[in-house]
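**Student:** Numbering (my numbering), first residue to last: 3 to 219.
(1) In this structure, does DSSP put residue 203 in helix, strand or coil?
(2) Mapping the DSSP letters down to three states, classify residue 122 as helix, strand or coil.
(3) Using the three-state DSSP reduction, which class does residue 2 fall into: helix, strand or coil?
(4) Is residue 15 helix, strand or coil when you go by DSSP?
(5) Is the Cβ-Cβ distance between residue 195 and residue 149 less than 8 Å?
(6) Note down the Cα distance separating residue 134 from residue 95, rounded to an integer number of angstroms.
(7) Cβ atoms of residue 85 and residue 182: under 8 Å apart, would you say?
(8) Alpha carbons only, please: which of 40, 45 and 82 is nearest the one belonging to residue 197?
(9) Please report the distance separating the alpha-carbon of residue 5 from that of residue 42.
(10) Please state the DSSP three-state secondary structure of residue 65.
(11) Could you tell me which residues DSSP pairs with residue 110 in its beta bridges?
(12) Give the range of the alpha helix (DSSP H) segment to which residue 160 is assigned.
(13) How about residue 63 and residue 174: are their beta carbons less than 8 Å apart?
(14) DSSP three-state label for residue 4, please.
(15) If contacts are defined as beta-carbon pairs under 8 Å, then residue 144 and residue 113 qualify, I think. What distance do you get, rounded to the angstrom?
(16) For the beta strand (DSSP E) holding residue 173, just list the boundary residues, first then last.
(17) Short of 8 Å in beta carbon distance, which residues of its chain neighbour residue 203, apart from the five on each side in sequence? Order them along the chain.
(18) DSSP on residue 49, reduced to helix/strand/coil?
(19) Buried or exposed: where does residue 66 fall if 16 or more other Cβ atoms within 10 Å of its Cβ makes it buried?
(20) Can you check DSSP and say which residues form a bridge with residue 80?
(21) Locate the alpha helix (DSSP H) running through residue 2, then write down its first and last residues.
(22) What's the C-alpha gap between residue 170 and residue 137?
This is the structure:
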């Protein structure tokens, strides 16, 4: 029986055999495992948006981190981020998801075009695509209104939105337009969707199209 001290929490421990190679107690080992268990790749985040941080976002877009998101951790349930293309909407949403994943919790990222592609690829098993989005603890819906302009897509988007709203599950929605659509709703952006998406934090991304600026040098 050998006493030892955890190098992380400094709590006294006892080894009944050889000392562990890494002197971390069971609780600290579990905490480390939780932080790496759910990765951005596993959550569906595209390679271009992985490993983003608040500092990196602020540097690239030459803008301070939105004060409304400084301490956001799931309340209020809905976060709507809108603005012109190339202004950092997707980056903001992805940073919040990455921070969530690093706490050891699950999350999911999906764009409107990718959601419609997966559903259309196999209508018979569309439920396999939808169910994870209904229950994941944090969902990023990137440009959901750019999915297929079809009833089958809208029906499933409404299902995702209503279910998550009823279950009080945090959801982040990005779009080029959102409040503007309330004044002129369309069949692809019906009031029941907009009402829920815009019922929480509203973040407007502005400025120049950084992506285009970088491409043009």
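Note that CB positions come from ideal geometry on N, CA and C, so glycine has one too.
**Tutor:** So, from the listed chains and residues:
(1) strand
(2) helix
(3) Nothing about residue 2 can be reported from this structure: the residues present for the chain run from 3 to 219 only.
(4) Three-state DSSP puts residue 15 in a strand.
(5) no
(6) 19 Å
(7) no
(8) 82
(9) Spanning the alpha carbons of residue 5 and residue 42 requires a straight line of approximately 38 Å.
(10) Three-state result, residue 65: coil.
(11) 141
(12) 153 to 168
(13) no
(14) strand
(15) 4 Å
(16) 173 to 177
(17) 70, 71, 74, 78, 80, 81 and 82
(18) helix
(19) exposed
(20) For residue 80, which the question treats as bridged, DSSP gives the partners 173.
(21) Look at the range of the chain in this structure, 3 to 219, and you will see that residue 2 is not part of it.
(22) Across the structure, residue 170 and residue 137 are spaced so that their CA atoms are roughly 10 Å apart.
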